[in-house]
Amino acid sequence: MSIPGIPGLGQIAPQHHQNHHQSTNRIIQLRPFGEWRFQVPRGANATVRVLSGTAERDGTELALNRSYSFTRTRSKILTWTGCTLEISGELDSDNLVQYNSPEESSYLPVMNLHFYLHERRQSLKRGPRVLICGTPNTGKSTVARTLVALATRAGSQPLFGNIDPREGLLTLPGCLSAAVFGTVMDVEDPEGGTGVTSTPSSGPSAVPVKLPMAYYFGREKMEDDFGLWKELVKKLASSVRAKFEEDEIVKGSGIVLDSPGVELVSLQEGIEGLVHAVEEFAINVVVVLGGEEKEFYEGVVGRLKGKKTVHGEEVEVVGLEKIDGVVGRDEMFAQANREASIKEYFFGDGRRTLSPFTQSVGFDDVAIFKASDDDDDQQPVLEQAEISEEMAHWTLAVMNASVNDPPETIQQAPVIGWVAIANVDEDKRRLRILSPVSGRLGNQPMVWGRWPEPYINLIG
Amino acid sequence: MADNADDVADDYRQALEDLNVNSRLEIATLTNIAKENANHGLAIVEVITNHIKKCPPNRTLPALYVLDSVVKNVPTPYGLYFGPKLYSIFMGAYTKVDNPTRAKMNEMLKTWKQPVPGSISKKPVFPIEQVRPIENALIAAKNAAFAATQSSLQGQQQLMRGRQPVAPTRNTPTPPTGRGYQPPPHGQFQHQDAYPIRPSSGHNGIPSRATPQPAPPVVGYSQHHQQQQQQPAAREGYGAPQGISIDKLNYDIQQLIDAEKTEFARDPLDTSKQTKLMALLDLQGVVQKQQSLPQNERLPHKELMVIRDRIAELAALNLRAQKQQQPPQPSHMSAASAAAAFHAPHTATYSQPPYTATPTPPVVSQSQPAASLPQLPPAIAALLGRTSQTHQPPPPPPPPPQPVSGGAGAGAGAGSLSIDSLLGRGALATLLSGVAQKSATPTPTPPQVSTPQYPSTIPPAAAAAIAALRSPSQQTPVQFPPAVPTPAPAAAPPPADPSALLAMLRQTGLIGNNAQAAGSTPPLPIPPRFPLPGGMAVPPPPPGYMDRATIQLTPASLKLFRPHLIPLHLDALGPPCTQCGRRFKTDEEGRRRKTAHMDWHFKVHQRIVEAERRGQHRSWFVDEMDWIRSHEEADVDYVSHNSSSSTKPNNNNAATTMTTTKKKQCYMRVPEDATKVNSACPICQEKFEMKWLDEAQEWVWMDAMKVGGRIFHGTCYAEVHGGSAAATSQGYRQTPERVLGKRKAEDEGHGFRSKVKMEGY
């Protein structure tokens, strides 16, 4: 049509969140090791200010008397020393958790673990490689993030890795990635500084950005394509090894690796995956959360007992109880967050507006690949995808490879970013593509995965 | 008071950039400045126009109020200057702002149709011919948005059902994927919840509420409000999605048929026109039947919507066909005038009184979004269409109306009109493509990023350079080098502001990217690379750290409370930074770092403001080698050039493009050199047909090929050198390849090099 739509015209955001939760403005006191757990729904906003004492979110300290603003966030503010917080805004729910003694807190072991790792970083040239694993909803990501943040705070520059495709670390979901965290994390980021908004843009950022190395898996669970997952773990591990070799500080700081939650129904495969990661990353400290889950814990210990890393170190396994207060997976919330991160990847968040580019390209001018659909037991291979309307609204990973490379090379190439297919015109054989950076896309293969799911309303 | 137009423009630009809220006082001041400098009105108009185009969404509304205030208070000359650009300014702004702002813009638009309150003159603020196209476009866009919502809902359902191939749907209206949807500015962000799938309800779709807009010094907005209430909503039928009036549709179709008949009568041998006419008559039959059918047998609403949109498209296409024939306006552009010389005969007609008889079909503006020319009174438009039609027959519009650039977004809506008006105007278009490349030169490097020390000093300098380039230059006409990008509008402003068009094209993705808006978008970042000397050492552990921490890796040991450890990651690390909470020790080294850190904060804050003005975008990630070599540097901005990540993907550019698209049409990029723009094929002595080619994202000459330094029509060449058809086709392939290859180089230069800026803390 000659006059196309203007995005969002006539579609007004319903203010539906207004009645669901209360607006609040109050001051709370936390005793040492106390936690203030809160849930800010999407579209609402809550601010937190530390009036006195010290407080932190997942290991990153909050500055005194500065307002931190949160949206679509489920997290907590923790204090080691006690603090006074001023809270205002709209919250779905929040609660104060106070302990009679520090021993009751789930974070005491985490803090001790940090000091243990810190000691090893100081004494050895090769920093500890830590795998955080556990059954679902045991707080793996939170613990991993806290350990990284505490290490950064103590002056280390650890690598933070993630091999759980369900969530992204500085990427959209569906990737395995790693990045050096040598600078403070973004406290206000819904994902606590590991969201895709913390990646580089063309402009300055008030919180230092992190640069990830990402490989695209394109599925939700590692079991969906176990062979590819293992391959990508291997690729990521080799990049990490190379990074260690290149950078003494990073090598001395080691890595903290977050992993997919292992379901008891697929216990064997899950443990298999973890063992694979332990081998590839030369992990020497394995933290099993939800240690009370005997079957899983013993499974891991059984497989790793007596194992040595390539460097000759013993693989140590320690079981910890599941982190108290971990919110069970809320699929609606998780999906909303995935969509939000796709949007923020292209358009920035409330603090930083980014301008992506749309371009129209012919079907023949782009190379889009997808995993083959064969249902037999063979590992799916990448093949050129037939462009059709069902591709609309999906985000495609742009690979750092050549379109002429063999499929395996493309599949295992690093991701340089994502594009979103705005629409597909089969008659004219043209696509409209939203990309973060202007420039022709024809020379880079794009891979159409199955995760994260398409985001219908990304543009208009 | 500066008396130089450049200085005035520069001052004005700075004042505008500082305007970020709806401050009545500031707007009044800006209005007064504009009044006092009315003799430099063109420069000020240029500044305001550019500012509205480039500023972030949250600053758009205040800038529009400035425009509004200036025009209402100083109608002469500003009303005249802004009028022709009104469409592009308004639509450009509309696409980037959020809904509440749009509502305010709608209100503003209404006031433009009224006389200035308190004024003796009964003339509206802007002539109705200039306001109506905007209204039409808004209505059409709203309908399209509704249709798109419907279709995306369908799409969603299809997806839910699984990924089996979807049966090709009838022409699904394109989703409104304009130039990117801009997230609302900070303040409103939290209210812009999910993207609700909700059709517009009222004819406005946007609740108009009392707005906190500032009244300009003379004109009270409140007066307008009252008047607005009485404003008849002449477009009720189209605004409400349900209200597709079949009568109206019939009328539109009839208009088209009439127009088509006229066309057909002029060229009875053209079968495409014949088929088109037949199709229209058929459609008319179908639509007319609707009226006699019972409600439940009628076409569903959506179908009607599609028909209606198509009719609008057709009308627009018709119009385009006419417009393509238009000679360029007597554009008072130094550079363009040389290039446009060949159009001189047409231009001459301007000074003559218009013919009274205009054989072109009447332009139905109500239902045809792009139908009436925003820039020209219809009579002149018709006249132009006519004069040129006698010159060369118009190419028949393609029988099925096709969306411009495969669907296009809002920007394209505004843009397509301009493109069309350009298509017929070769010189200007070429010039533009020149601009596209050249305009990148004033801001060749990432202005701030590369200069950590005084970053803010660079952009003004660059901006000044741009301003200089843009300053009116009509006093020194033809001898200007053709590369000078921006034509200066003069007494009779050119129909389309080329830079506006350019910006629009770029926004819609029609122009690729190597053309960075001068000063608007920073060039892409260069990935960080290689270890900078002097990486920070890990700070030494606090004394006694290890002695005190005797923790075993066992659950029992980890659960033991060791109170002495707590201060170790708090006070022992020194007092925290007041801005980010990072702690610094109080020793010499710590103080040094803290100073660097605070400097960093300061610089970043400064640059965030700057970057907001320029616009920014997410960077590509880097490849493995660069990632491995990049270092986290504390409190240092580092930018480094990366070759491997940008060249590697590009190496295959030409080859892959060529292998994937074997049957390429023969074309070549229009030369940048304006003197060559008018060159003709040495064989047939005819000029080359210029067109925008989506595939290449370039302005190209179709059927052109370069052989031995001379450019021929491919067909002419093949005819003459008949025997060497093979060689010719070889030539065909090589030509675009070379062109693409060249583009590749430019990509590397401006666009694709992905520079990543890492910021330490």
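Same order as they appear, the protein sequences are chains A and B. Using full-length UniProt numbering, the letters of the first sequence map in sequence onto residues 1 to 460. Using full-length UniProt numbering, the letters of the second sequence map in sequence onto residues 1 to 761. We treat Cβ as the ideally placed atom computed from N, Cα and C, and that holds for glycine.
From the DSSP output, in three-state form, read off glutamine 606 of chain B for me. Helix.
In its own chain, which residues sit with a C-beta less than 6 Å from the C-beta of glutamine 227 of chain B, not counting the 5 before and 5 after it? Here the model assigns glutamine 227 of chain B a pLDDT of 42, short of 50, so the residue's position is not dependable and the matter cannot be decided.
Residues that aspartate 623 of chain B contacts on chain A, provided the C-beta gap is smaller than 7 Å: Using a Cβ-Cβ cut-off of 7 Å, aspartate 623 of chain B is close to Asn400 and Pro414 of chain A, given in chain order.
Where valine 21 of chain B sits in the DSSP three-state scheme: Of the three classes helix, strand and coil, the one that applies to valine 21 of chain B here is coil, per DSSP.
Once the 5 residues before and after glutamine 14 of chain B are set aside, which same chain residues still bring their CB inside 6 Å of it? Excluding sequence neighbours, glutamine 14 of chain B sits near nothing in its chain.
Arginine 13 of chain B, DSSP secondary structure in three states: DSSP places arginine 13 of chain B in helix when its eight states are reduced to three.
Own chain partners of aspartate 547 of chain B with C-beta closer than 8 Å, once the 5 adjacent residues on each side are dropped: Low confidence applies to aspartate 547 of chain B: its pLDDT is 43, below 50, so where it sits in the model is not reliable enough to give any reading.
Classify histidine 225 of chain B as helix, strand or coil using the three-state DSSP reduction. Below a pLDDT of 50, predicted positions are generally treated as unreliable, and histidine 225 of chain B, at 43, falls in that range; no measurement from the model is reported.
Nearest neighbour of glutamate 321 of chain A, chosen from A:Pro41, A:Val143, A:Glu86 and A:Ser101 [CA to CA]: The residue among A:Pro41, A:Val143, A:Glu86 and A:Ser101 with its C-alpha nearest the C-alpha of glutamate 321 of chain A is A:Val143.
Find the residues of chain A that neighbour serine 619 of chain B, judging by a C-beta separation of less than 7 Å, and give them in chain order. Proximity of chain A to serine 619 of chain B at the Cβ level (cut-off 7 Å) is accounted for by Pro200, Ser201, Ser202 and Val437, in chain order.
Going by DSSP, which residues form a beta bridge with valine 8 of chain B? Its beta-bridge partners do not exist; DSSP assigns none.
State the DSSP-derived secondary structure class of alanine 44 of chain A, mapped to helix, strand or coil. In the three-state reduction of the DSSP assignment, alanine 44 of chain A falls in the coil class.
According to DSSP, methionine 105 of chain B sits in a beta bridge with which residue or residues? Methionine 105 of chain B is not bridged to any residue.
Return the bridge partner residues of tyrosine 345 of chain A from the DSSP annotation. Per DSSP, none; premise fails for tyrosine 345 of chain A.
CA-to-CA distance, glutamine 444 of chain A to serine 123 of chain A, given in whole angstroms: The straight-line gap from Cα to Cα measures roughly 45 Å.
Whose CA, out of A:Leu62, A:Pro260 and A:His118, lies closest to the CA of glutamate 188 of chain A? Comparing alpha carbon positions, the residue from A:Leu62, A:Pro260 and A:His118 closest to glutamate 188 of chain A is A:Leu62.
Buried or exposed: methionine 278 of chain B, going by 16 or more other Cβ atoms within 10 Å of its Cβ? Exposed.
Label glutamine 685 of chain B either buried or exposed according to how many other C-beta atoms from any shown protein chain fall within 10 Å of its C-beta, with 16 as the threshold for buried. Using a 10 angstroms sphere on the CB of glutamine 685 of chain B, the tally of other CB atoms stays under 16, which defines it as exposed.
Can the beta-carbon of glycine 192 of chain A be found closer than 8 Å to that of proline 158 of chain A? It is not a contact, given that the beta carbons lie outside the stated cut-off.
Are the C-beta atoms of glycine 590 of chain B and some chain E residue less than 8 Å apart? In summary, chain E is missing from the structure at hand, where the protein chains are A and B.
Would you please verify whether the beta carbon of glutamine 39 of chain A is less than 8 Å from any beta carbon of chain B? With 8 Å as the cut-off, glutamine 39 of chain A does not count as an interface residue toward chain B.
Using the Cβ count rule (16 or more neighbours within 10 Å means buried), how would you classify histidine 564 of chain B? Histidine 564 of chain B is classed as exposed because its beta carbon has fewer than 16 other beta carbons within 10 Å across all chains shown.
Determine the direct distance from the alpha carbon of valine 47 of chain B to that of glutamine 616 of chain B, and round the result to whole angstroms. Taking the straight line from one Cα to the other gives about 21 Å.
Taking the alpha-carbon positions, what's the methionine 105 of chain B to glycine 227 of chain A distance? Taking C-alpha positions only, methionine 105 of chain B is separated from glycine 227 of chain A by approximately 55 Å.
With 8 Å as the C-beta to C-beta threshold (strictly closer), list the residues of the stretch 97-115 of chain A near chain B in chain order. With the criterion set as a beta carbon lying under 8 Å from some beta carbon of chain B, the members of the stretch 97-115 of chain A are Ser101, Pro102, Glu103, Leu108, Pro109, Met111, Asn112, Leu113, His114 and Phe115, in sequence order.
Of the residues that make up the stretch 576-587 of chain B, which ones have a beta carbon closer than 8 Å to any beta carbon in chain A? Result list: Pro576, Cys577, Thr578, Gln579, Cys580, Gly581, Arg582 and Arg583.
Buried or exposed for valine 180 of chain A, please, with buried defined as at least 16 other CB atoms from any protein chain shown within 10 angstroms of its CB. Buried, because 16 or more other Cβ atoms sit within 10 Å of the Cβ of valine 180 of chain A.
On the DSSP letters alone, give me the boundaries of the alpha helix (DSSP H) that tryptophan 448 of chain A sits inside. Per DSSP, tryptophan 448 of chain A belongs to no alpha helix (DSSP H); it is in the beta strand (DSSP E), 445-448.
Can you name the residues of chain B whose CB is closer than 7 Å to the CB of methionine 213 of chain A? At a C-beta separation below 7 Å, methionine 213 of chain A has these neighbours in chain B: Glu624 and Trp627.
Looking at chain A, is there any beta carbon in it that lies within less than 8 Å of the beta carbon of valine 8 of chain B? Contact with chain A is absent for valine 8 of chain B, since none of that chain's Cβ atoms lies less than 8 Å from the residue's Cβ.
Taking C-beta to C-beta, are valine 381 of chain A and serine 372 of chain A nearer than 8 Å? Yes, these two residues count as a Cβ contact at 8 Å.
Name the chain B residues whose beta carbon is nearer than 8 Å to that of alanine 242 of chain A? Those are Glu624 and Ile628, listed as they occur along chain B.
Residues in the stretch 215-229 of chain A having any Cβ partner in chain B nearer than 8 Å: In summary, no residue of the stretch 215-229 of chain A has a CB separated from any CB of chain B by less than 8 Å.
In whole angstroms, what is the alpha-carbon distance linking phenylalanine 611 of chain B and serine 69 of chain A? According to the sequence displayed, residue 611 of chain B carries alanine and not phenylalanine. Their backbone Cα atoms lie some 22 Å apart in a straight line.
Burial state of alanine 210 of chain B, where buried means 16 or more other Cβ atoms lie within 10 Å: Residue confidence is low: alanine 210 of chain B scores 38 on pLDDT, short of 50, so the model does not pin down where it sits. No coordinate-derived value is stated.
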